[in-house]
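Peer 1: Sharing a structure below in structure tokens format, with a few things to ask.
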Amino acid sequence: MIYHLKGVVYELGKVLLIFSLFVTTGISCSQKTKNEKEIRSIAENYLIAFVDYRFEDAKKFGDKSAARFLDEVQQAINTWTPTKREQARKENASVKVKINEIEIKNTDKAEAKYELVKDNQALQSDILYLSKQGKTWKVREFVR
7 MIYHLKGVVY ELGKVLLIFS LFVTTGISCS QKTKNEKEIR SIAENYLIAF
57 VDYRFEDAKK FGDKSAARFL DEVQQAINTW TPTKREQARK ENASVKVKIN
107 EIEIKNTDKA EAKYELVKDN QALQSDILYL SKQGKTWKVR EFVR
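According to the working numbering, the sequence shown is numbered sequentially starting from 7.
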């Protein structure tokens, strides 16, 4: 009888171990999926605002380095003639942002591989770097 009871306890222990592994894996995958969705959304919104020359909107998705970068880009654009600005806006009007892959490097760093596409042709392929600041992800333009 004692041997039978040990067998039952042993089997119950295996079931509980397997169950806890499923729960832990499920929670881990759920958190990863949530992070990937958040990173994808932030990267996409940042890039869309950037392509549309809405740098103040893009700053909402970036850290201090992104804000500095966007200010520098705005200063360069401020030297353009109004005609050149309007032409650039028109050219970018049909540019679409495509996030191809999200890679979470550790708990606080990630990369979003993206393309800027116009007329089904990639104009630019690059990586956008993000870091977790507090509870939210932010774009980092200067990776140092």
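Note that beta-carbon positions come from the ideal geometry of N, C-alpha and C, so glycine has one too.
Assuming the contact rule is C-beta atoms closer than 8 Å, ALA49 and ALA55 should be a hit. Round their C-beta distance to whole Å, please.
Peer 2: As a first step, residue 49 is located in the sequence shown; it is residue number 43 there, counting from the start. As a first step, residue 55 is located in the sequence shown; it is residue number 49 there, counting from the start. With 8 Å as the limit, ALA49 and ALA55 do not qualify as a contact, their Cβ atoms being about 11 Å apart.
Peer 1: Tell whether a beta-carbon distance below 7 Å holds between ALA118 and ILE110.
Peer 2: Translated into positions along the sequence shown, residue 118 becomes position 112. Translated into positions along the sequence shown, residue 110 becomes position 104. Taking 7 Å as the Cβ cut-off, ALA118 and ILE110 do not qualify as a contacting pair.
Peer 1: The alpha helix (DSSP H) spanning ALA73 covers which residue range?
Peer 2: Stepping through the sequence shown from its first residue, residue 73 is reached at position 67. Taken as a continuous stretch (DSSP letters only), the alpha helix (DSSP H) holding ALA73 covers 70-84.
Peer 1: Please determine, among ALA73, TYR52, ARG60, the residue with the shortest C-alpha to C-alpha distance to PHE148.
Peer 2: Looking up residue 148 in the sequence shown gives position 142. Considering only alpha carbons, the answer is ALA73.
Peer 1: Identify whether LYS66 lies in helix, strand or coil by the three-state DSSP scheme.
Peer 2: To locate residue 66, count along the sequence shown from 1; it is residue 60. Correct three-state label for LYS66: coil.
Peer 1: Considering only residues of the same chain and omitting the five flanking positions on each side of ASN51, which have a CB-CB separation below 7 Å?
Peer 2: Residue mapping note: residue 51 aligns to position 45 of the sequence shown, counting from 1. So the qualifying residues of the chain are PHE67.
Peer 1: Using three-state DSSP, classify THR89 as helix, strand or coil.
Peer 2: Numbered from 1 along the sequence shown, position 83 holds the residue referred to as residue 89. Looking at THR89 - three-state DSSP - the assignment turns out to be helix.
Peer 1: Sort out for me which residues DSSP pairs TYR135 with in a bridge.
Peer 2: For this step, residue 135 is matched to residue 129 along the sequence shown. Answer is GLU117, ARG146.
Peer 1: When we look at the beta-carbon of LYS90 and count the other beta-carbons within 10 Å, is it buried (16 or more) or exposed?
Peer 2: Position 84 of the sequence shown, counted from the start, is the residue given in the question as residue 90. By the neighbour-count rule (16 or more Cβ atoms within 10 Å), LYS90 is not buried but exposed.
Peer 1: Could you tell me how far apart the beta carbons of ASP77 and VAL145 are, in whole angstroms, since I believe they sit closer than 8 Å?
Peer 2: Here residue 77 refers to the residue found at position 71 when the sequence shown is read from its first residue. Here residue 145 refers to the residue found at position 139 when the sequence shown is read from its first residue. The Cβ separation is near 14 Å, so there is no contact.
Peer 1: Taking the beta strand (DSSP E) that ILE141 belongs to, which residues open and close that run?
Peer 2: The residue given as residue 141 occupies position 135 in the sequence shown. The sequence shown places Lys at residue 141, not Ile. Taken as a continuous stretch (DSSP letters only), LYS141 belongs to no beta strand (DSSP E), as it is neither H nor E.
Peer 1: Answer yes or no: do LEU134 and TYR120 have a C-beta to C-beta separation smaller than 7 Å?
Peer 2: Here residue 134 refers to the residue found at position 128 when the sequence shown is read from its first residue. Here residue 120 refers to the residue found at position 114 when the sequence shown is read from its first residue. Contact flag set, yes.
Peer 1: Could you please give the first and the last residue of the uninterrupted beta strand (DSSP E) stretch that includes ASN106?
Peer 2: Stepping through the sequence shown from its first residue, residue 106 is reached at position 100. Counting along the chain, the beta strand (DSSP E) containing ASN106 begins and ends at 102-112.
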